[in-house]
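Here is the structure we will look at.
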Amino acid sequence: MKRCASTGVALAPAEGPLGPISFSQICDVMPIGVMTCDLATFTIDYANPSSIALLHSIRGTLGIDPDRIVGTSIDIFHPNPGDQRDLLSQPGNLPHKTRMRFGDEWLDLSIHALPGPDGRVGRALLVWSIATAEVLKGQEEYRLLRMIDDMPVAVMTVDPATYRITYINETSKRTLSQIEAHLPIKARDLMGASIDVFHRHPTHQRRLLADPANLPHHARIKVGPEVLDLQASAVRGTDGTYLGPMLTWSIVTQQVAAEARIHQLAHYDTLTGLANRSTFRERLEAVLAREGSALGLLFIDLDGFKVVNDSNGHLVGDALLCQVADRLRALCDQPGTVVSRLGGDEFAVTTPLTEPRALAAFADRLIDALVAPYPAEGERSLEVGASIGIAVAPEHGHEPEALLAHADMALYAAKAAGKRTYRLFCAEMETRMRDRLRIEAKLRAALTSRDELFLFYQPIIDVRTCTVTAREGLIRWHQPIRGWLSPGEFIPVAEESRLICDLGAWVLRRACEDAATWADKARVAVNVSPRQLGTGTLAPAVLEALLASGLPPDRLEIEVTESALLNDEKAGLADLRRIRDMGVRVALDDFGTGFSSLAHLRAFPFDKIKIDGSFVRDAVARPDCAAIVGVVADLGRRLGVTTVAEGVETQAHLDLVIAEGCSEVQGYLLGRPAPREADVAVIEGFTGARPARSAVA
Ligand code: C2E
Ligand code: MG
Ligand code: MG
Numbered sequence: 000m001k002r003c004a005s006t007g008v009a010l011a012p013a014e015g016p017l018g019p020i021s022f023s024q025i026c027d028v029m030p031i032g033v034m035t036c037d038l039a040t041f042t043i044d045y046a047n048p049s050s051i052a053l054l055h056s057i058r059g060t061l062g063i064d065p066d067r068i069v070g071t072s073i074d075i076f077h078p079n080p081g082d083q084r085d086l087l088s089q090p091g092n093l094p095h096k097t098r099m100r101f102g103d104e105w106l107d108l109s110i111h112a113l114p115g116p117d118g119r120v121g122r123a124l125l126v127w128s129i130a131t132a133e134v135l136k137g138q139e140e141y142r143l144l145r146m147i148d149d150m151p152v153a154v155m156t157v158d159p160a161t162y163r164i165t166y167i168n169e170t171s172k173r174t175l176s177q178i179e180a181h182l183p184i185k186a187r188d189l190m191g192a193s194i195d196v197f198h199r200h201p202t203h204q205r206r207l208l209a210d211p212a213n214l215p216h217h218a219r220i221k222v223g224p225e226v227l228d229l230q231a232s233a234v235r236g237t238d239g240t241y242l243g244p245m246l247t248w249s250i251v252t253q254q255v256a257a258e259a260r261i262h263q264l265a266h267y268d269t270l271t272g273l274a275n276r277s278t279f280r281e282r283l284e285a286v287l288a289r290e291g292s293a294l295g296l297l298f299i300d301l302d303g304f305k306v307v308n309d310s311n312g313h314l315v316g317d318a319l320l321c322q323v324a325d326r327l328r329a330l331c332d333q334p335g336t337v338v339s340r341l342g343g344d345e346f347a348v349t350t351p352l353t354e355p356r357a358l359a360a361f362a363d364r365l366i367d368a369l370v371a372p373y374p375a376e377g378e379r380s381l382e383v384g385a386s387i388g389i390a391v392a393p394e395h396g397h398e399p400e401a402l403l404a405h406a407d408m409a410l411y412a413a414k415a416a417g418k419r420t421y422r423l424f425c426a427e428m429e430t431r432m433r434d435r436l437r438i439e440a441k442l443r444a445a446l447t448s449r450d451e452l453f454l455f456y457q458p459i460i461d462v463r464t465c466t467v468t469a470r471e472g473l474i475r476w477h478q479p480i481r482g483w484l485s486p487g488e489f490i491p492v493a494e495e496s497r498l499i500c501d502l503g504a505w506v507l508r509r510a511c512e513d514a515a516t517w518a519d520k521a522r523v524a525v526n527v528s529p530r531q532l533g534t535g536t537l538a539p540a541v542l543e544a545l546l547a548s549g550l551p552p553d554r555l556e557i558e559v560t561e562s563a564l565l566n567d568e569k570a571g572l573a574d575l576r577r578i579r580d581m582g583v584r585v586a587l588d589d590f591g592t593g594f595s596s597l598a599h600l601r602a603f604p605f606d607k608i609k610i611d612g613s614f615v616r617d618a619v620a621r622p623d624c625a626a627i628v629g630v631v632a633d634l635g636r637r638l639g640v641t642t643v644a645e646g647v648e649t650q651a652h653l654d655l656v657i658a659e660g661c662s663e664v665q666g667y668l669l670g671r672p673a674p675r676e677a678d679v680a681v682i683e684g685f686t687g688a689r690p691a692r693s694a695v696a
């Protein structure tokens, strides 16, 4: 009898087809654990070398020396040794397979009855191996499967050969049951079904999924009223072979609706539903990017919308803008014509028209439509005007930036030309715009250095007493290169920017300072631009000038034109009231040239009305102008307001305005605007000639 080399247990030689090879020789080289157990004593009486090696790996939890396993009780392998012994005692229970855990390791054990030569089962054969790796793999797979089942995304896998569904997770089943009314198959029958049920063009889908080069593929498909978001990706084996497509998908109907809403909000104006500024820009860019593209761009700005909006409230303003949008839409129904709202009361139209005459006719139609009265609440109707600037691509620019800037310049020109009209861009506009910017920069510098700005004074004389009652301050700018600039050249530029407020404050300070030195105590009249009103800066500037100079408020007279009351009537009037409350006088300048509305005379208690020089000059030859001078003078008398005739250049003018009843006069005949004494020398330095002496007392 041979002894097993590793355990010393004696084993009977194997008989039969193995010939001389013994059982123990086989067991010595077997890569799995083999042990035998004596069922009389329940002790292990044989363990092959693999068993001992395996026992080393679970040594920690077993608590025995693996080399001494032979002779050890089998009980050490079982938490309930009694149960194990019961199992082994009944040969009918065998073979028995079990998986046991030892610490971190798992064992797969199979126990077989081992009958002796007499046929009686006296021993059990235990064949075992460590199954930890397999168990963990199984657990991992299970975990993954559970995870995929519970994922909030629907997952399906497809056999690329048959296009049948090979796996479908729980979420898929749930999601599909929501839309199965629109599918030719019930959710529960999908496993094993053909993927073709999801597609209107099954062959197309099959072709797509057959080749992993097409994947990942993203699609949105409509199933009844619902939208499915579908992503097909390739599942590959560790060696990279294509195992088939995996489809992940979800119902995105609500998301699609929300996206559509966001798109609407981002690209369209919420008030009017027209394309918004960014959409307009994108489209313009797209059209201009096309080779050989030509288009006309019309920039539309409503005239007087602010007044309507401020005086009627924003709801009325909004309703009016909607009506404007409707009118524009109706007129822009030709193919390729697109209307957008750029913001506020600004609209833009792009049109395939590029021929100046066609564009002009189109602009005229737009203006006519927009200036027609807008029905408002009750019997009322509202009115606004519209000005349009036109630029044409490619002549006036290939780039959106340039084209927009040029249309804007044309709009500016249309506004400057009196509104309710259109202008087509021309190069001169750009030159003028540049000039304006240059003047603005220089004026800003002049306001800082202050050695180029002068305030000239022109006397205003009482016709009865022949005394100077006031002197009007008139600004002059002397530029080193261009020489003298009249206010008409730079006041509008200052008004375009906020410079007018700084300029106005400077004039006020200088006027009060100078007037405080006048021996005759005449008043000083200061012109205030409509743009200074409603900004909240006028009253503080007036107060500061009075305080700094010590001039009594009743010696200051502010001259405003009627247009000051038009743009933003309420804020303008509030500013005027504030300065009048300080004791400062307020005069209405250039009466007769603007709206000459009696309502303005009622809206504010002016201290003086100045009749524009154009009436005075024409009055001698034209009886209608003389009549106007007379009527205004009469009106002034009745209102208890001084009337001044401006622009009195000749004796005939003077005689006429006196005859018509004006109480004061101003004009070259009585004194030209002239610098204060302190500036005379400086000005002589510029011109080499003596300026007209001011009639300063
Ligand atoms: P305005 O207030 O009506 O000033 C009267 C204008 O008529 C002045 O022109 C004056 O020089 C001119 N003038 C006076 N007498 C005669 C005359 O007999 N015949 C003729 N043909 N013209 C006469 P100027 O100085 O060129 O000012 C023009 C306008 O510029 C002023 O009209 C006023 O609206 C504005 N302006 C002048 N200075 C200022 C200022 O400091 N601030 C503001 N905001 N505007 C100013
Ligand atoms: Mg004036
Ligand atoms: Mg005037």
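Mapping the sequence shown onto numbering that gives the first Met the number 0, position 22 (from 1) lands on 21, and the numbers just tick up by one. Glycine residues also receive a C-beta, built at the ideal position from the N, C-alpha and C atoms.
query: When DSSP labels each residue in this structure, what does ILE627 get in the three-state scheme?
result: It is helical.
task: Given a cut-off of 9 Å, decide if LEU358 and LEU423 are closer than it, judged by their beta-carbon atoms.
output: For LEU423 and LEU358, yes; Cβs fall inside 9 Å.
Ligand 2 heavy atom lying under 8 Å from the CB of ALA644: It does not: the Cβ of ALA644 is nowhere closer than 8 Å to a heavy atom of ligand 2.
- prompt: Can you check whether the CB of GLN665 is closer than 9 Å to the CB of ALA644?
  reply: Yes, these two residues count as a Cβ contact at 9 Å.
- prompt: When we look at the beta-carbon of TYR45 and count the other beta-carbons within 10 Å, is it buried (16 or more) or exposed?
  reply: The residue in question, TYR45, is buried, as its Cβ has 16 or more Cβ neighbours within 10 Å.
query: Where does TYR667 fall in DSSP's three states?
result: DSSP places TYR667 outside both helix and strand once states are collapsed to three, so it counts as coil.
message: Let me check one thing: in DSSP terms, what residues is TYR456 bridge-paired to?
response: Beta bridge pairing from DSSP links TYR456 with GLY472 and ALA673.
field: Residues near LEU175 in its chain [Cβ-Cβ closer than 6 Å; skip 5 each side]
entry: Cβ within range, chain order: ALA186.
- prompt: Ends of the beta strand (DSSP E) at TRP483?
  reply: Looking at the DSSP string, the run of the beta strand (DSSP E) that includes TRP483 is 482-484.
- request: Let me know the beta strand (DSSP E) ranges lying completely inside the stretch 133-211, each 3 residues or longer, listed in chain order.
  value: If we require 3 residues or more, the beta strand (DSSP E) runs fully inside the stretch 133-211 come out as 153-157 and 164-167.
query: Does ligand 1 have even one heavy atom less than 8 Å from the beta-carbon of VAL525?
result: Checking every heavy atom of ligand 1 against the Cβ of VAL525, one is found closer than 8 Å.
task: Locate the alpha helix (DSSP H) running through ARG697, then write down its first and last residues.
output: In the structure displayed, the chain extends from 0 to 696; residue 697 sits before or after that span and is not available.
- request: Report whether the distance from the Cβ of ASP606 to the nearest heavy atom of ligand 3 is below 8 Å.
  value: Judged by the Cβ position, ASP606 fails to qualify as a neighbour of ligand 3 at the 8 Å threshold, every heavy atom of the ligand being at least this far.
task: State buried or exposed for CYS465, treating a residue as buried only when at least 16 other CB atoms are found within 10 Å of its CB.
output: Per the 10 Å Cβ criterion, exposed.
message: What does the alpha-carbon distance come out to for the pair VAL152 and LEU246?
response: VAL152 and LEU246 have their alpha carbons spaced roughly 10 Å apart.
message: On the CB-based measure, 16 or more other CB atoms within 10 Å of its CB, does MET757 come out buried or exposed?
response: Because the chain is modelled from 0 through 696, residue 757 falls outside the range shown and cannot be assessed.
query: By a C-beta neighbour count over all protein chains shown, 10 Å radius and 16 as the cutoff for buried, is ILE261 buried or exposed?
result: With fewer than 16 neighbouring CB atoms inside 10 Å of its own CB, ILE261 falls in the exposed class.
- prompt: Is any heavy atom in ligand 1 found nearer than 8 Å to the beta carbon of LYS414?
  reply: No, since every heavy atom of ligand 1 falls outside the 8 Å radius drawn around the Cβ of LYS414.
message: For the beta strand (DSSP E) containing GLY239, name the first residue and the last one.
response: Careful: GLY239 lies outside any beta strand (DSSP E) and carries neither H nor E.
query: DSSP state of GLY503, grouped into three classes?
result: Three-state result, GLY503: helix.
- prompt: Are SER50 and VAL33 touching if we call contact CB-CB under 9 Å?
  reply: Yes, the pair counts as a contact, with Cβ atoms nearer than the cut-off.
task: Check the Cβ-Cβ distances between ASP85 and every residue of chain D, and say whether any is below 9 Å.
output: Note that chain D does not occur in the displayed structure, where there is just one protein chain.
For PRO374, three-class secondary structure by DSSP: Strand.
- prompt: Do the CB positions of VAL348 and LEU365 come within less than 9 Å of each other?
  reply: Contact annotation: VAL348 and LEU365 have beta-carbon atoms nearer than 9 Å.
task: Have a look at ASN168, PRO672 and ASP588 and flag the residue whose alpha-carbon is nearest the alpha-carbon of PRO458.
output: Among ASN168, PRO672 and ASP588, the Cα nearest to that of PRO458 belongs to PRO672.
- prompt: Can you pull the DSSP bridge partners for LYS96?
  reply: In the DSSP output, where bridge partners are listed per residue, LYS96 has SER109.
message: So, under 8 Å CB-CB, GLU495 and ARG435 are touching, yes? Tell me the CB distance rounded to an integer number of Å.
response: About 7 Å separates the Cβ atoms of GLU495 and ARG435, confirming a contact at the 8 Å cut-off.
field: the stretch 272-289 in contact with the stretch 393-409 per 3-pair CB rule at 8 Å
entry: The answer is yes - the stretch 393-409 touches the stretch 272-289, with three or more Cβ pairs under 8 Å.
message: Taking 8 Å as the cut-off, does the stretch 302-319 touch the stretch 370-384 (at least 3 CB pairs, one atom from each stretch)?
response: These segments touch.
message: Tell me which residue opens and which closes the beta strand (DSSP E) that SER128 is part of.
response: Counting along the chain, the beta strand (DSSP E) containing SER128 begins and ends at 120-129.
message: Does the contact criterion of 3 or more C-beta pairs under 8 Å hold for the stretch 271-283 versus the stretch 184-201?
response: Contact between the stretch 271-283 and the stretch 184-201 is absent, because fewer than three Cβ pairs lie under 8 Å.
task: Could you pull the start and end residues of the beta strand (DSSP E) that TYR421 belongs to?
output: For TYR421, the enclosing beta strand (DSSP E) stretches over residues 421-423.
- prompt: Is the distance from the Cβ of VAL492 to the Cβ of LEU442 below 9 Å?
  reply: Cβ atoms of VAL492 and LEU442: closer than 9 Å.
field: Beta-carbon contacts of ALA112 that lie in its chain and below 6 Å, excluding the five residues immediately before and after
entry: Taken in chain order, the residues that qualify are PRO90, LEU93 and VAL120.
- prompt: Thinking C-alpha only, which one of HIS95, THR240 and SER249 is nearest ALA123?
  reply: For the residues HIS95, THR240 and SER249, the minimum Cα distance to ALA123 belongs to HIS95.
task: Let me know if ILE75 comes out buried or exposed under the rule of 16 or more other beta-carbons within 10 Å of its beta-carbon.
output: Result: exposed.
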